[in-house]
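In full-length UniProt numbering, the protein residues as written are 1 to 202.
Here a beta-carbon is modelled for each residue, glycine too, at the ideal position from N, C-alpha and C.
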């Protein structure tokens, strides 16, 4: 029980610190309170996710972790307003920022208003940190992740496509088997065997 409360405290701390860093940390492309207000004001429920990664494809992996963050109890699919913050060291490249932004863009509404910022923080070293705040869902409430899994994925045009059927439930295609013809050698052998078993009666 104590471990559960400690984990919940860490999640809440990460959420509060993420919003604070968005507003107060100066960067190459700054996000301020006006940006937070423009996305969240009158938008209903909002979701927040934080992800970090190192090494190859670090920005993409960090964005994937932010979209699937434990802070996000629901899916960000269908969000019309998004705040995106990307933090990294001085070796953070523009292409890495673009890759992370593209991944988040594909996860939300096709016409979503995405405001993003970039922060250079050398204390992160090789780490890239991505923070996502999504709001403005249809009906004011985001759909749960379980509901999205059951109903299907949201395609780029906004229509839901059914989930692929598990391979174990797919019936294999039946193939017609042609009757095999016995070879002449096998025919002679079978006849010889039959002759051997048939003995004349005295």
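For this session: Please report the residue range of the beta strand (DSSP E) in which residue 54 lies.
Result: Taken as a continuous stretch (DSSP letters only), residue 54 belongs to no beta strand (DSSP E), as it is neither H nor E.
Problem set entry | Beta-carbon proximity check, residue 121 vs residue 89, cutoff 9 Å | yes
Problem set entry | Three-state secondary structure assigned by DSSP to residue 116 | strand
For this session: May I ask you to report which of helix, strand or coil DSSP gives residue 67?
Result: helix
Problem set entry | Beta-carbon proximity of residue 21 to residue 87, cut-off 9 Å | yes
Exercise. Excluding sequence positions up to five away, which residues of its chain have a Cβ less than 6 Å from the Cβ of residue 25?
Worked result: 119
For this session: Counting only the same chain and skipping the five closest in sequence on each side, list residues whose C-beta sits under 8 Å from that of residue 103.
Result: 60, 63, 64 and 67
Problem set entry | With 16 other Cβ atoms within 10 Å as the buried cut-off, status of residue 54 | exposed
For this session: Kindly indicate the opening and closing residues of the alpha helix (DSSP H) around residue 38.
Result: 33–40
Problem set entry | Boundaries (first-last residue) of the beta strand (DSSP E) holding residue 74 | That residue, residue 74, is in no beta strand (DSSP E); it is neither H nor E in DSSP.
Exercise. Out of 137, 42 and 116, which has the shortest C-alpha to C-alpha gap to residue 74?
Worked result: 137
Problem set entry | Helix, strand or coil at residue 16 according to DSSP, with G and I counted as helix | helix
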